[in-house]
Amino acid sequence: MTVAVVHADTPEGRIALQAAVREAADRQQSLVVLHPLDEPDEVEGVRAQVSEVAGTDGWELLAAVHDGDPVGTTVELLARSGAERVVIGSRGRTATGKFLVERAVQRLITESSVPVLVIKAG
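In structure tokens:
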């Protein structure tokens, strides 16, 4: 089986990647990194960012250029990955917004066909 993680070059994206690396190792499962691209030439930069956290081996990158809907592209990548769970990062919230989840995270949770592990950054 496979653990997927939604990658972004943000603090919450790096925290999610670290958690997914641990989750995959603990479960003795493979890791697939999902990344919706703005431009096709971003792939090598994404690989370098992931390698800084996850090392150079033991993971696969699934990426596709989004058409203005990065969450929709991420949901499609998740379906293609065959993962049994997905890890995503979320920003910490203020007291007034602590029960709110960012719109993209909320949509991914709603549209995902597998369990979603949300890791709070900060």
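What the sequence shown shows, in UniProt numbering, is residues 1 to 122, in sequence order.
Cβ coordinates follow ideal geometry from the N, Cα and C atoms, glycine included.
>> Quick check on this structure: which residue in 7, 65, 115, 83 has the alpha carbon closest to the alpha carbon of residue 53?
In response: 7
> So is residue 49 buried or exposed if we call it buried at 16+ other beta carbons inside 10 Å?
Replying inline: buried
> With a cut-off of 8 Å, do at least 3 Cβ pairs link the stretch 113-121 to the stretch 10-23?
Replying inline: yes
> Going by beta carbon distance, what residues of the same chain come within less than 6 Å of residue 70, once the five residues before and after it are set aside?
Replying inline: 36
> Nearest CA to the CA of residue 41: which residue from 20, 34, 63?
Replying inline: 63
> Is it buried or exposed for residue 74, if we count other Cβ within 10 angstroms and need 16 for buried?
Replying inline: buried
>> Given this structure, state the Cα-to-Cα distance separating residue 60 from residue 104, to the nearest angstrom.
In response: 23 Å
>> My parser needs the beta strand (DSSP E) runs of 3 or more residues fully inside the UniProt domain "UspA" (2-120); what are they?
In response: 2-6, 30-37, 59-65, 85-90, 116-120
> Any idea if residue 23 is buried or exposed, counting beta-carbon neighbours within 10 angstroms, 16 or more meaning buried?
Replying inline: buried
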